[in-house]
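*Asks:*
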Amino acid sequence: MWRRQRGRFRPVGCGVEELRRFRRERELALRKARRDQQLVSKRLLRADPPKEAGKVVSILGEAEIQQFLRLAQRGTEEKEREKALASLRQGLQHSETQQAFIRLETSMRTLVGLLTSNQALLQLEAARCLHELSHSDQPVVAEACLPATSYLLTYLSSHSSDFTELCLYTLGNLIVASEGVRRQLLPQGIVPALAACIQSPHVAVQEALGYALSQLLQAKEAPEKIIPAILASTLPQHLLQLLQPGPKLNPGVAVEFAWCLHYIICSQVNNALLITLGALSTLGPLLLDLAGAVERTEDAGLELLACPVLRCLSNLLTEAAVEAVGGQIQLGDERVVAALFILLKFFLQKQPSLLPEGLWLLNNLTANSPSFCTSLLSLDLIEPLLQLLAVSNVVSVLVLTVLCNVAEKGPAYCQQLWPGPLLPSVLAMLAASDTEVVGQSLELLQLLFLYQPEAAQAFLQQSGLEVLDRHKEEAQLQDRVFALRETALHG
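For the sequence shown, the UniProt record's numbering assigns the number 1 to the initial residue and increments by one for each residue that follows.
1. Going by alpha carbons, who is nearest to Asp380 out of Leu305, Gln416, Glu357, Ala390?
2. Apart from the five residues just before and just after Ala126, which ones in its own chain have a Cβ nearer than 7 angstroms to its Cβ?
3. For Ala63 and Ser158, I'd like the C-alpha separation in whole angstroms.
4. Go to Val255, then tell me how far its alpha helix (DSSP H) extends in each direction, as first and last residue.
5. Quick one: is Ser463 buried, meaning 16 or more other Cβ sit within 10 Å of its Cβ, or exposed?
6. Alpha carbons only, please: which of Val181, Ala456, Pro453, Gly172 is nearest the one belonging to Ala144?
7. In angstroms, rounded to a whole number, what distance separates the CA positions of Val402 and Ala208?
8. Roughly how far, in whole angstroms, is the beta-carbon of Ala373 from the beta-carbon of Val406, given that I think they are within contact range, below 8 angstroms?
9. Under a Cβ-count criterion, where at least 16 other Cβ atoms within 10 Å of its own Cβ denotes burial, should Asn173 be classed as buried or exposed?
10. Quick check on DSSP: helix, strand or coil for Leu239?
11. Cβ atoms of Leu359 and Val337: under 9 angstroms apart, would you say?
12. Please determine if the segment 91 to 107 and the segment 116 to 125 are in contact, where contact requires at least 3 C-beta pairs separated by less than 8 angstroms.
13. Could you tell me how far apart the beta carbons of Gln215 and Ile175 are, in whole angstroms, since I believe they sit closer than 8 angstroms?
14. Go through its chain and collect everything with a Cβ distance to Lys472's Cβ below 6 angstroms, but skip five positions before and after it.
15. Could you tell me the distance, in whole angstroms, from the CA atom of Leu398 to the CA atom of Val438?
16. Buried or exposed: which applies to Arg311, given that a residue is buried once 16 or more other Cβ atoms fall within 10 Å of its Cβ?
17. In angstroms with no decimal places, state the Cα-to-Cα distance between Glu295 and Cys404.
18. Mind checking which residues open and close the alpha helix (DSSP H) that includes Gly301?
19. Can you tell me where the alpha helix (DSSP H) holding Asp162 begins and where it ends?
20. Look up Trp418 in the DSSP assignment and say whether it is helix, strand or coil.
21. Evaluate Gln440 with the Cβ neighbour count: other Cβ atoms within 10 Å of its Cβ, from every protein chain shown; 16 or more gives buried, anything less gives exposed.
22. Out of curiosity, what's the CA-to-CA distance linking Glu132 and Leu88?
23. For Phe341, I'd like the list of residues in its chain whose CB is within less than 7 angstroms of its CB, leaving aside the five on either flank, ordered along the chain.
24. Please check the pair Cys260 and Leu213, which I expect to be a contact at CB under 8 angstroms, by giving their CB distance rounded to whole angstroms.
25. On the three-state DSSP scale, how would you describe Gln476?
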């Protein structure tokens with residue numbers, strides 16, 4: 001922002017290029033910090049018959065586990081075998097039973113044998129047992145399931161959508177539990193298996209696949225070992241197809257795959273490929289669709305999809321490849337800005353914690369685009385933006401950053417910012433105690449004074465120097481306070 005000389009910052013010339021360079025450097029660090037990921041989790045499918053629901057399930061000892069496995073393997077009647085496995089499955093809901101199960105040498109081998117039997121009901125119950133085991137929070141339990149993973153992959157092509165769904169959730173749970181499991185699944189062909197499975201016409205299967213894929217994408221080794229293989233497959237194309245707005249869009253499926261796309265983008269392995277495949281031309285209309293849905297309904301579940309969509313767009317817009325394929329043009333109209341403000345209003349009323357997500361996208365839209373800044377001004381959205389300043393310090397900093405984006409575009413833009421409620425609002429922020437909020441306010445005022453000298457005069461008339469002097473002893477701010485004071489007094 002200012003060049004350091006003899007321990008002090010001084011304005012250099014008009015300071016515009018220095019201001020711009022400093023802000024871009026800082027935003028690069030902020031963008032990196034914003035590439036956060038959703039916390040991993042496990043999911044449990046239980047479909048006990050009504051008569052079993054709510055029933056207290058006992059912890060099983062090793063002898064009981066062996067008995068149920070023996071009955072399931074060698075029972076004289078299929079019903080008896082199925083009932084034995086169902087009892088084992090219920091017992092496996094307890095961590096103690098899971099630990100006892102994996103201590104038995106032949107237990108997993110027997111369970112895998114039942115999983116691969118030619119009797120569908122036994123297969124299903126064996127898969128349910130594995131699913132209970134996969135939900136354990138102990139990595140050793142997940143690793144004990146390794147012998148079953150190749151069969152679970154094979155059964156992703158099952159004719160039964162319920163069975164496929166169960167296998168997908170089980171694999172998703174195992175993937176997140178153990179690096180050893182992931183290391184084994186990759187050479188076994190999990191990426192091609194998921195790429196084939198994503199084409200299923202069944203919504204429940206698609207949603208389960210999105211879950212399993214999202215777990216795989218969040219692995220610490222994903223950027224080096226997993227995401228390149230995924231990008232080389234047909235998964236990205238199909239993923240983007242399932243995010244296409246329209247009557248066929250399923251909200252549950254869209255949420256899963258929007259998070260998957262977010263994790264791929266955060267890896268920065270090859271975002272240029274995603275842009276080429278049409279990620280922006282999918283996400284832009286999806287944002288418009290979400291804004292329309294917000295206006296039509298009070299459904300608070302919409303934010304589940306809005307959050308990853310906003311993050312995907314925000315991070316893609318920081319890529320150099322965007323301009324190369326005309327990405328800015330794809331999004332460059334007033335509808336995007338209007339849609340974003342509809343969502344901001346919705347977040348303010350229903351989910352204030354998501355306001356930073358929308359404002360971060362607005363920041364990235366306006367950072368290098370005069371047309372988006374023009375849209376903000378022509379749609380009279382500066383005042384609604386200023387009204388968000390009171391929400392929180394995080395929101396205040398982002399609002400002020402967006403306003404800096406507009407102000408730095410030059411005198412014509414500052415003339416439209418001035419006069420109005422801008423100066424009183426920024427003066428209120430200048431009186432804040434948060435260092436980052438004050439620092440961003442100083443930056444905005446510096447830009448405004450450089451391009452609109454009348455604003456500096458109004459600042460002085462409204463006791464701006466008195467507010468400014470409150471921060472002159474703060475180490476992190478004093479150099480910028482001095483520079484702004486000089487600009488206000490001497491231009």
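C-beta atoms are modelled at their ideal positions from N, C-alpha and C, and glycine is treated no differently.
*Replies:* Judging by the given coordinates:
1. On the sequence shown, residue 380 is found 380 positions in, with the first residue counted as 1. Closest in alpha carbon position to Asp380, among Leu305, Gln416, Glu357, Ala390, is Gln416.
2. To locate residue 126, count along the sequence shown from 1; it is residue 126. Only Leu85, Leu111, Leu114, Leu115 meet the Cβ criterion.
3. Taking the first residue of the sequence shown as position 1, residue 63 is located at position 63. Taking the first residue of the sequence shown as position 1, residue 158 is located at position 158. Rounded to the nearest whole angstrom, the C-alpha separation of Ala63 and Ser158 is 34 angstroms.
4. Sequence index remark: in the sequence shown, residue 255 carries index 255 (1-based). First-last of the alpha helix (DSSP H) with Val255: 251 to 267.
5. As a first step, residue 463 must be located in the sequence shown, where it is residue number 463. Answer is exposed; the Cβ neighbour count stays below 16.
6. For the purposes of this step, residue 144 is taken as residue 144 along the sequence shown, with counting starting at 1. Ranking Val181, Ala456, Pro453, Gly172 by Cα distance to Ala144 puts Val181 first.
7. Taking the first residue of the sequence shown as position 1, residue 402 is located at position 402. Taking the first residue of the sequence shown as position 1, residue 208 is located at position 208. If I take the Cα positions, the gap works out to 38 angstroms.
8. Residue 373 sits at position 373 when you count from the first residue of the sequence shown. Residue 406 sits at position 406 when you count from the first residue of the sequence shown. In the sequence as presented, Ala is not what sits at residue 373; that position holds Cys. Confirmed, about 5 angstroms.
9. As a first step, residue 173 must be located in the sequence shown, where it is residue number 173. Buried is the call here.
10. As a first step, residue 239 is located in the sequence shown; it is residue number 239 there, counting from the start. Leu239 falls in the helix class under three-state DSSP.
11. On the sequence shown, residue 337 is found 337 positions in, with the first residue counted as 1. On the sequence shown, residue 359 is found 359 positions in, with the first residue counted as 1. Cβ distance not < 9 angstroms, so Val337 and Leu359 don't count as in contact.
12. In short, these stretches do not touch, since the Cβ pair count stays below three.
13. For the purposes of this step, residue 215 is identified with residue 215 of the sequence shown, where counting begins at 1. For the purposes of this step, residue 175 is identified with residue 175 of the sequence shown, where counting begins at 1. Correct: roughly 4 angstroms between the Cβ atoms.
14. Numbered from its first residue, the sequence shown carries residue 472 at position 472. Cβ neighbours of Lys472 beyond the five flanking positions: Gln478, Val481.
15. Within the sequence shown, the letter at position 398 stands for residue 398. Within the sequence shown, the letter at position 438 stands for residue 438. About 12 angstroms.
16. Against the sequence shown, residue 311 aligns to sequence position 311. By the Cβ-count criterion, Arg311 is buried, with 16 or more other Cβ atoms from all chains shown falling within 10 Å of its own Cβ.
17. Within the sequence shown, residue 295 is the residue found at index 295, counting from 1. Within the sequence shown, residue 404 is the residue found at index 404, counting from 1. Cα to Cα, Glu295 sits roughly 30 angstroms from Cys404.
18. Numbered from 1 along the sequence shown, position 301 holds the residue referred to as residue 301. Per DSSP, Gly301 belongs to no alpha helix (DSSP H) and is neither H nor E.
19. In the sequence shown, counting from the first residue as 1, residue 162 sits at position 162. Start and end: 161 to 177.
20. Looking up residue 418 in the sequence shown gives position 418. Coil, per DSSP.
21. For the purposes of this step, residue 440 is identified with residue 440 of the sequence shown, where counting begins at 1. Per the 10 Å Cβ criterion, buried.
22. Locating residue 132 in the sequence shown gives position 132, where the first residue counts as 1. Locating residue 88 in the sequence shown gives position 88, where the first residue counts as 1. For Glu132 and Leu88, the distance between alpha carbons rounds to 10 angstroms.
23. For the purposes of this step, residue 341 is taken as residue 341 along the sequence shown, with counting starting at 1. Only Leu381, Pro384 meet the Cβ criterion.
24. Here residue 260 refers to the residue found at position 260 when the sequence shown is read from its first residue. Here residue 213 refers to the residue found at position 213 when the sequence shown is read from its first residue. The distance from the Cβ of Cys260 to that of Leu213 is about 5 angstroms, consistent with a contact at the 8 angstroms cut-off.
25. The residue labelled residue 476 in the question sits at position 476 within the sequence shown. Shown here, Gln476 sits in coil according to DSSP, grouped into three states, outside any helix or strand.
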